[in-house]
Amino acid sequence: MKIGNKNLIAGNWKMNGLKKDLSFLHNLLLFIKNKKLKSTEVLICPPFTLIDTFSNLSKNTPLKIGAQDCHFEESGAYTGEISANMLKNLGVSYVILGHSERRGYYKENNHLINSKIKIAQKSGLKTILCIGETLSERKKNSTLRVIGRQIKDSLKGNIDPMNLEIAYEPVWAIGTGRIPSAEDIFLVHAFIKDKLDSFYGKKAKNIRILYGGSVNSKNISSIFGIDNVTGALIGGGSLKISEFKSLVTQSIKY
Ligand code: 13P
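Our numbering applies: residue 36 is where the sequence shown begins, and numbers increase by one.
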């Protein structure tokens, strides 16, 4: 449900996408041009290698381009890394931080993610903080405790709520075709909203709370019908143009 600001439909391409996939972008740009996107903001986060091209082609269009990660320092001797400044320099608007795949494979913790959010915001990027519980945490009834800690520790210190979005992505729902019940999504999103309200007061209303994990064209309507769901972060469903267009179209209604 939309609360004042636009819904955000964000595609996270993860480690997918080659030059030949430019046809996806051309198709999407044409589609967006012909749609009235008053209630929805559309974002694509391709791999680093495609950002420059995607960003150039999307200039002066409503489509936003984002990155999937950035480094925690502004610049320096960090071989192979990409800074938030470099992304900003390419015209990137958003950066996803703390995705569970980065937490899992690269052992990123809340403290590191907090540094990344700060440097990204300092560079003028909007930040999407990903949080979510594993299956074993859910089974132990620790979901809210885990999420509460992720929010508290990742948002420590001077964070700008005007450049912040949260994506609730249960780890066990990512790429599995399984999603939590509507009631579970409702409970977690309400919990996140309460936390944000207590941190940021009135400014918290600017923060969108996205749901992510196996979102597809068949389940998006019911997910968007849940209170405090103000967007979706989509992996697999953002890679096929027909599926992604259907997701955008359905989100416009909410
Ligand atoms: P899937 O939509 O493929 O489950 O991935 C979700 C995700 O991790 C988005 O960041």
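Glycine included, each C-beta is placed from N, C-alpha and C at the ideal position.
By the C-beta criterion, the segment 266-277 is judged to be in contact with the segment 241-254, since at least 3 inter-stretch pairs fall below 8 Å.
In this structure, leucine 268 has its CB closer than 7 Å to one or more heavy atoms of the ligand 13P. A direct Cα-to-Cα measurement between lysine 142 and asparagine 40 gives close to 34 Å. A distance criterion of 7 Å places the beta-carbon of isoleucine 166 beyond contact range of the ligand 13P, judged by its closest non-hydrogen atom.
Residue burial annotation: glycine 167 is buried, with at least 16 other C-beta atoms found within 10 angstroms of its C-beta. One Cα belongs to isoleucine 194, the other to phenylalanine 221, and the distance between them is close to 25 Å.
Pairing leucine 72 with isoleucine 276 gives a Cβ-Cβ distance that is not under 8 Å. For asparagine 193, the CB stays at least 7 Å from every heavy atom of the ligand 13P.
The way I'd put it, the segment 147-166 does touch the segment 116-135; three or more beta-carbon pairs between them come closer than 8 Å.
Between glycine 46 and lysine 238, the alpha-carbon positions lie close to 26 Å from each other. If you draw a straight line from the Cα of isoleucine 186 to the Cα of serine 273, it is about 26 Å long.
Proximity of the beta carbon of glycine 210 to the ligand 13P is indicated: a heavy atom of the ligand is located closer than 7 Å. For the ligand 13P, a non-hydrogen atom lies closer than 7 Å to the CB of glutamate 204. With a cut-off of 8 Å on Cβ pairs, the segment 57-76 is not in contact with the segment 102-117, counting fewer than three such pairs.
In this structure lysine 55 is exposed. Its beta-carbon is surrounded by fewer than 16 other beta-carbon atoms within 10 angstroms. Annotation: the continuous alpha helix (DSSP H) that includes isoleucine 220 extends over 217-235.
For secondary structure counted as the alpha helix (DSSP H) over 4 or more consecutive residues, the segment 96-158 holds these complete runs in sequence order: 119-124, 135-140, 145-157. DSSP, read as helix, strand or coil, puts asparagine 91 in helix. Between the ligand 13P and glycine 133, a heavy atom-to-CB distance of less than 7 Å is absent.
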